[in-house]
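Here is the structure we will look at, set down as structure tokens.
Protein chains: 4
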Amino acid sequence: MTRTLGVAVIGAGYWGPNLARNFQYSPDWRLEAICDLDLDRASALAARLGGVRVTASLDDVLADPAIDAVAIATPARTHHPIAMAAIAAGKHVVVEKPIADGTQRAREMVAAADAAGLVLMTDHTYCYTPAVLKMRELIAEGHLGDILYIDSVRINLGIIQPDVDVFWDLAPHDLSIMDFLLPGGLVPESVTAVGADPLSAGKACIGYLSMMFPGGAIGHAHVNWLSPTKIRQLVIGGSRRTVVWDDLSPQQRVSVYDRGVDLDIQALDGIDRASALISYRLGDTWSPALQEREALAAMVDEFAEAITTGRPPRTDGQSGLRVLSVLEAASQSLQTGTAQERLNAYAGEPR
Amino acid sequence: MTRTLGVAVIGAGYWGPNLARNFQYSPDWRLEAICDLDLDRASALAARLGGVRVTASLDDVLADPAIDAVAIATPARTHHPIAMAAIAAGKHVVVEKPIADGTQRAREMVAAADAAGLVLMTDHTYCYTPAVLKMRELIAEGHLGDILYIDSVRINLGIIQPDVDVFWDLAPHDLSIMDFLLPGGLVPESVTAVGADPLSAGKACIGYLSMMFPGGAIGHAHVNWLSPTKIRQLVIGGSRRTVVWDDLSPQQRVSVYDRGVDLDIQALDGIDRASALISYRLGDTWSPALQEREALAAMVDEFAEAITTGRPPRTDGQSGLRVLSVLEAASQSLQTGTAQERLNAYAGEPR
Amino acid sequence: MTRTLGVAVIGAGYWGPNLARNFQYSPDWRLEAICDLDLDRASALAARLGGVRVTASLDDVLADPAIDAVAIATPARTHHPIAMAAIAAGKHVVVEKPIADGTQRAREMVAAADAAGLVLMTDHTYCYTPAVLKMRELIAEGHLGDILYIDSVRINLGIIQPDVDVFWDLAPHDLSIMDFLLPGGLVPESVTAVGADPLSAGKACIGYLSMMFPGGAIGHAHVNWLSPTKIRQLVIGGSRRTVVWDDLSPQQRVSVYDRGVDLDIQALDGIDRASALISYRLGDTWSPALQEREALAAMVDEFAEAITTGRPPRTDGQSGLRVLSVLEAASQSLQTGTAQERLNAYAGEPR
Amino acid sequence: MTRTLGVAVIGAGYWGPNLARNFQYSPDWRLEAICDLDLDRASALAARLGGVRVTASLDDVLADPAIDAVAIATPARTHHPIAMAAIAAGKHVVVEKPIADGTQRAREMVAAADAAGLVLMTDHTYCYTPAVLKMRELIAEGHLGDILYIDSVRINLGIIQPDVDVFWDLAPHDLSIMDFLLPGGLVPESVTAVGADPLSAGKACIGYLSMMFPGGAIGHAHVNWLSPTKIRQLVIGGSRRTVVWDDLSPQQRVSVYDRGVDLDIQALDGIDRASALISYRLGDTWSPALQEREALAAMVDEFAEAITTGRPPRTDGQSGLRVLSVLEAASQSLQTGTAQERLNAYAGEPR
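Take a look at the structure:
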């Protein structure tokens with residue numbers, strides 16, 4: 001069908017097959033090619049999907065007029081050269097997280113796509129889960145009021161990665177979700193990271209990352225490779241309501257609590273702020289039904305719609321840049337032992 | 001009976017009645033007097049306990065030879081003068097947390113009691129709960145191996161206190177428990193605190209407190225007055241096993257997980273620390289039965305036994321001083337936005 | 001105040017003190033006397049409540065014109081003679097469960113109170129908990145639709161009672177709640193009980209009680225003294241929604257599930273009932289906030305209001321009779337090993 | 001390799017593909033053929049497994065000397081003729097549950113296999129899950145002591161089956177597990193079933209099934225298609241310990257409670273059985289680690305080992321017959337409304 005878009009998946013390793021499968025089964029897309037230096041790996045994937053073309057040559061892919069977009073699922077250090085070449089060839093790009101291996105190179109990618117009028121999207125898959133989409137909707141509709149805090153816990157027995165610490169391994173999930181949920185995106189005024197390496201593995205295996213937001217709100221992520229219990233929980237405290245997302249609870253994943261603390265701000269002028277002015281709401285709890293849908297299917301839909309309509313995707317290059325900026329600031333805070341002031345001019349722009 | 005010890009309770013406000021009741025029902029103690037400037041309050045308490053003597057005069061209490069010890073449950077700023085007077089009068093002392101309103105004054109109290117050969121105890125009540133006593137036993141017997149991390153969460157809708165922030169309100173519980181459990185007591189090398197006041201209440205209502213310990217272990221406490229869900233959970237990760245204490249779970253409060261990560265340290269000399277050298281244990285989980293006993297009853301037992309045998313109580317003045325030192329360091333970190341190096345010479349001594 | 005009602009509590013054993021305390025603290029009631037053959041026990045209770053009159057003579061109580069009502073908390077076999085004497089003396093009566101030790105005697109009590117125009121109430125305390133009151137409201141307002149099933153589980157390590165089996169010890173709670181919630185009260189068409197005594201204790205320690213209701217709904221109670229885990233859970237399946245009450249869950253005691261099975265009844269006429277005609281709703285879940293209030297305080301309010309207004313109390317003598325009838329039918333089913341048809345003429349009347 | 005066994009899978013519908021896959025990946029087996037009247041369905045399955053032979057002719061399969069055994073995954077009413085033909089042809093047989101559509105025909109199958117010296121196995125897949133295997137081991141080693149009760153709950157929103165009621169749809173799982181765990185197999189003295197059809201679907205959608213075992217123990221299964229919450233829980237109460245299996249709990253599937261009631265039986269001779277003679281144990285709880293393995297892989301291993309060694313498989317034809325006998329007795333109890341005495345001569349023999 002002439003209206004569908006052609007796509008090539010670059011990289012057939014861990015994540016590429018998931019991307020390829022979702023492009024293949026989407027009515028919006030034609031999966032045109034799988035590109036990997038390891039042709040055997042590419043061919044095995046193509047066979048499972050019913051015979052897509054395979055190639056080891058990125059140039060072939062970029063020269064193919066039937067290909068409108070590329071999905072990059074290669075190691076982080078190669079994201080920048082592949083994406084820049086693709087943009088130069090006029091292809092739309094979706095790229096795995098982290099968007100690049102440094103904020104400077106990420107900014108170049110964002111600028112190049114902007115200049116060429118092409119879509120640059122970051123594959124923040126978690127943002128397209130039914131739970132996160134529902135939370136974004138609740139926030140957008142004002143159900144939570146002002147956001148006071150976001151607290152995320154992501155702990156489990158995890159593989160100690162050879163190349164990255166626990167912040168870079170796990171926190172991108174938490175940060176990309178926060179970026180997606182916060183009305184202005186993830187633009188903290190300061191970042192503080194504390195980490196520990198109690199097994200002498202050569203990198204932080206336990207980490208605590210705090211962010212102070214304009215207006216006084218706080219964000220926090222606890223990431224841990226050494227926990228025998230598995231927890232994936234996000235709490236968003238709002239001035240009106242609070243939402244708790246327990247990603248491992250089978251039946252009630254998102255719960256909205258109509259409880260909280262009310263401070264009578266007007267009454268406080270000129271007098272001591274006393275506990276007598278606080279009131280507590282103990283209201284109902286509510287768990288919205290969530291549709292069951294694979295997040296990656298929603299992500300490839302979003303990519304197609306951004307290309308077709310010309311609007312930015314909900315997880316665009318700027319969101320990838322904002323997440324990367326916080327990770328870099330966290331690493332710097334970890335090294336220096338101080339809160340790391342972030343300069344917004346250097347980071348991603350607010351949404 | 002001549003072997004029992006005489007005690008007076010100073011302060012009949014919030015906590016004094018609990019102390020008085022437990023002294024009254026203990027076979028080790030004779031409750032001799034209740035002392036409070038508000039004689040009506042003291043008399044009401046005495047009546048409920050069957051007619052104990054009441055007085056508004058601390059001097060009367062300290063002059064009474066039938067009184068061997070005093071329990072101080074007055075505001076924190078009065079702990080130092082009352083305790084110093086009691087020690088000068090030859091009385092043993094147990095004092096509410098925090099032990100004093102500053103580390104300098106706490107050190108004077110510790111030094112005075114030492115010089116006089118008297119017991120100075122801090123009433124860290126949580127340490128005497130069956131769950132914490134069991135965890136201390138597990139650690140002492142080597143079940144957990146080396147401690148890698150302690151993570152504590154204590155969140156709930158709480159009253160915004162007029163005089164203290166959320167750290168000083170809630171974290172003393174977590175810190176006193178960590179002090180009790182860590183083999184050398186709570187002597188971190190550095191303390192980092194991050195807090196937020198998103199309601200503009202004039203003080204931190206949400207707090208994250210990190211401590212780096214010698215050898216690479218980390219401690220962390222999350223305290224929050226604004227959470228609609230109530231969580232009180234402590235995780236102690238060890239090199240051999242990990243224990244999880246869920247204080248609100250009715251049936252399985254303490255669970256020991258025989259799971260974890262093994263790093264083959266010997267094999268790592270001179271080579272790259274690779275994930276291939278890591279192995280995972282997925283062993284059994286075990287929840288020891290806990291006896292039901294009021295913590296404060298065990299605390300007054302401990303006070304009597306320390307006096308009778310001459311050994312230091314398990315939560316002595318030094319432990320109160322160590323907890324206070326961390327709280328002060330946290331406040332300083334909060335103000336300066338930096339990790340606060342703690343000098344051990346200024347803090348409590350390790351156990 | 002002249003409008004308050006005078007009450008005497010008969011029996012100062014296990015439950016009497018709770019009744020006396022709630023009458024004492026209610027603005028609707030004057031606690032006039034405590035009556036018990038054991039005067040020491042009565043006096044001790046009176047002292048704790050501030051000096052109420054005590055007596056060992058029921059006649060004194062019944063002759064006192066200041067006493068409008070009596071609350072009977074004596075052994076079950078004495079309920080009938082005390083209540084009949086009280087009614088004869090013109091007193092309103094509230095009586096502990098079971099209302100009597102046999103349905104014939106219970107019917108006499110109901111008839112006598114009716115004839116005298118006096119209130120006869122059964123103290124089904126559980127019905128006055130905030131959770132059960134909320135469920136009754138949800139049902140009355142049509143939130144659940146038609147009731148399809150009620151399933152109750154009440155299991156725990158329990159004391160093996162010397163005089164009654166597990167059905168008579170625990171099931172009155174479940175049955176009185178079902179009687180309170182079912183629109184017509186607890187009037188099953190048949191009762192089937194299966195019990196086991198695997199420890200040879202001389203009576204059933206594990207029991208399963210089933211009831212078939214007119215229209216096809218089913219009720220079931222699982223009671224068990226030998227379970228190491230404690231469960232108290234009630235599920236009410238409705239044609240529109242289903243409610244789950246977990247009495248031990250600290251935070252979400254009552255949850256309403258907007259999920260279920262829809263059968264297109266019209267479409268089934270004359271054709272095979274096929275699975276294609278079934279549809280599933282997977283809607284939201286909702287937990288209403290419950291006010292915290294002692295159930296017994298609400299019960300004594302209800303007693304006062306029934307007397308003052310002349311309307312029957314929500315747990316009247318008929319409800320006590322209906323519960324008793326099911327327990328007797330269960331015992332008979334247990335003995336004969338058959339489903340026990342219940343004749344409504346012999347049981348309590350529907351509400 | 002000459003030692004492997006050849007097998008054909010009969011039926012390529014819902015369950016056949018799972019059987020075929022596990023035979024294909026087992027080192028003990030050669031998957032020789034897939035047999036289905038629908039050759040397209042058989043061919044599609046064969047293609048996914050790499051080109052196994054397909055046929056629509058059972059005669060071809062039975063005539064093939066390379067085929068040692070057949071796995072029957074066809075509708076229940078065809079189990080008997082296919083199994084009898086296979087046995088006549090000298091093939092070992094594993095058959096889906098229920099083993100046949102009537103006990104008489106199941107007994108013929110058992111007798112024929114016995115006479116021919118062939119293995120007849122029932123595919124009670126749940127029995128080969130790591131959790132059930134561990135519970136069987138705990139019982140065999142005496143950890144639980146005598147079994148006092150088994151209580152199983154299996155409820156969920158389920159499809160209302162066109163041909164069977166909720167007992168025949170869900171209870172085979174519970175009954176086959178109980179048969180596997182009880183030392184003598186599932187040989188109750190009586191069976192009582194109560195069911196309800198509150199939606200007028202034409203068959204029971206909610207069911208309660210009770211079984212009295214020799215010696216006083218009881219078994220109970222609650223099955224329900226209309227529950228909005230999903231529960232799969234089995235409790236086995238023993239005289240020494242109790243085990244709880246929560247099939248949906250991600251982390252602690254099997255928990256052993258060292259708690260219970262001790263009745264001093266000796267002391268009870270000739271005297272009243274009083275509560276004073278009961279003591280309670282409140283011991284530790286323990287959750288054994290379970291290996292992760294697909295149950296069906298363990299099932300095909302067991303089939304091979306039974307054939308090779310000549311011992312009966314752990315879920316043999318007799319176990320299928322015992323489960324079927326209880327289901328038939330339940331249906332009869334449901335119709336007559338009475339407890340159904342079971343005659344062991346008609347049912348499967350005890351293990």
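Residue numbers (UniProt numbering), protein chains in the order written: chain C, 1 to 351; chain H, 1 to 351; chain A, 1 to 351; chain R, 1 to 351. Glycine included, every Cβ here is placed at the ideal spot set by N, Cα and C.
For the C-beta of threonine 285 of chain R, the chain H residues within less than 9 Å are, from N- to C-terminus, Gln251, Gln252, Ser255, Thr285, Trp286, Ser287, Pro288, Ala289. Under the three-state reduction of DSSP output, glycine 16 of chain H falls in the helix class. Boundaries cannot be given for serine 57 of chain A, as no alpha helix (DSSP H) includes it and DSSP labels it neither H nor E.
Boundaries of the beta strand (DSSP E) harbouring serine 152 of chain A: 147-157, taken from the DSSP string.
Short of 8 Å from the beta carbon of alanine 131 of chain C, and not among the five residues preceding or following it, lie these beta carbons of its own chain, in chain order: Trp245, Asp247, Arg253, Val254, Leu290.
DSSP places valine 93 of chain R within a strand segment (E or B) once states are collapsed to three. In the DSSP secondary-structure assignment, cysteine 35 of chain H is bridged to H:Ile10, H:Thr55. Residue environment analysis places serine 176 of chain C among the buried positions, since at least 16 neighbouring C-beta atoms fall within 10 angstroms of its C-beta. For aspartate 197 of chain C, the closest C-alpha among the options H:Ser210, H:Gly215, H:Gly320 is that of H:Gly215. Interface criterion not met: the Cβ of alanine 76 of chain R is under 7 Å from no Cβ in chain A. Taking 7 Å as the cut-off, the beta carbon of glutamine 340 of chain C is found closer than this to the beta carbon of valine 191 of chain C. Aspartate 316 of chain A and leucine 120 of chain A have their alpha carbons spaced roughly 6 Å apart.
The region 81-98 of chain A and the region 28-38 of chain A do not touch, with fewer than three beta-carbon pairs separated by less than 8 Å. The alpha helix (DSSP H) runs lying completely inside the region 273-332 of chain H and spanning 4 residues or more are 295-309, given in chain order.
Assignment of histidine 143 of chain C by DSSP, reduced to helix, strand and coil, places it in the coil class. Within the region 297-329 of chain H, contact with chain C at the beta-carbon level (separation under 8 Å) is assigned to no residue. At the C-beta level, serine 239 of chain R and glycine 145 of chain R come within 7 Å of one another.
Within chain A, not a single residue places a beta-carbon under 7 Å from that of leucine 19 of chain C; the smallest gap is close to 29 Å. Checking the DSSP bridge columns, you'll see arginine 232 of chain H partnered with H:Arg154.
Judged by DSSP in its simplified three-state form, alanine 111 of chain H adopts helix. In this structure, the beta-carbon distance from histidine 220 of chain R to serine 210 of chain R falls below 7 Å.
Close to methionine 212 of chain A, with beta-carbon spacing below 8 Å, are these residues of chain R in chain order: Val194, Ala196. Below the 8 Å Cβ cutoff, chain C contributes Ala289 as neighbours of leucine 282 of chain A, in chain order. Looking only at C:Gly158, C:Pro183, C:Ala44, C:Asn156, the smallest Cα-Cα distance to glutamate 137 of chain C is reached by C:Pro183. At least 7 Å separates the beta-carbon of isoleucine 231 of chain R from that of leucine 181 of chain R. Burial is judged here by how many other beta carbons sit within 10 angstroms of a residue's own beta carbon; glutamate 292 of chain R has fewer than 16 and is exposed. Straight across, the Cα-Cα distance linking serine 319 of chain H with glutamate 141 of chain H is about 21 Å.
When Cβ-Cβ separations below 7 Å define contact, valine 61 of chain R makes no contact with chain A. Around proline 313 of chain R, the same chain offers Val119, Met121, Glu302, Phe303, Ala306 as residues with beta carbons nearer than 7 Å, after the five sequence neighbours per side are excluded. For alanine 44 of chain A, the closest alpha carbon among the candidates A:Leu282, A:Val61, A:Arg21, A:Pro27 is that of A:Arg21. Among the residues facing chain A, proline 81 of chain R is not included, as its CB has no counterpart in that chain under 7 Å away. The alpha carbon of arginine 53 of chain R has as its nearest neighbour, out of R:Met84, R:Gly6, R:Asp28, R:Gly90, the alpha carbon of R:Gly6.
Here the alpha carbons of valine 110 of chain C and serine 152 of chain R stand approximately 58 Å from one another. In this chain, the beta strand (DSSP E) harbouring histidine 220 of chain C covers 218-224. Look at the region 168-190 of chain C: the residues with a C-beta under 9 Å from a C-beta of chain H are Ser190. For the pair isoleucine 160 of chain A and alanine 204 of chain A, the CB atoms are not nearer than the 7 Å cut-off.
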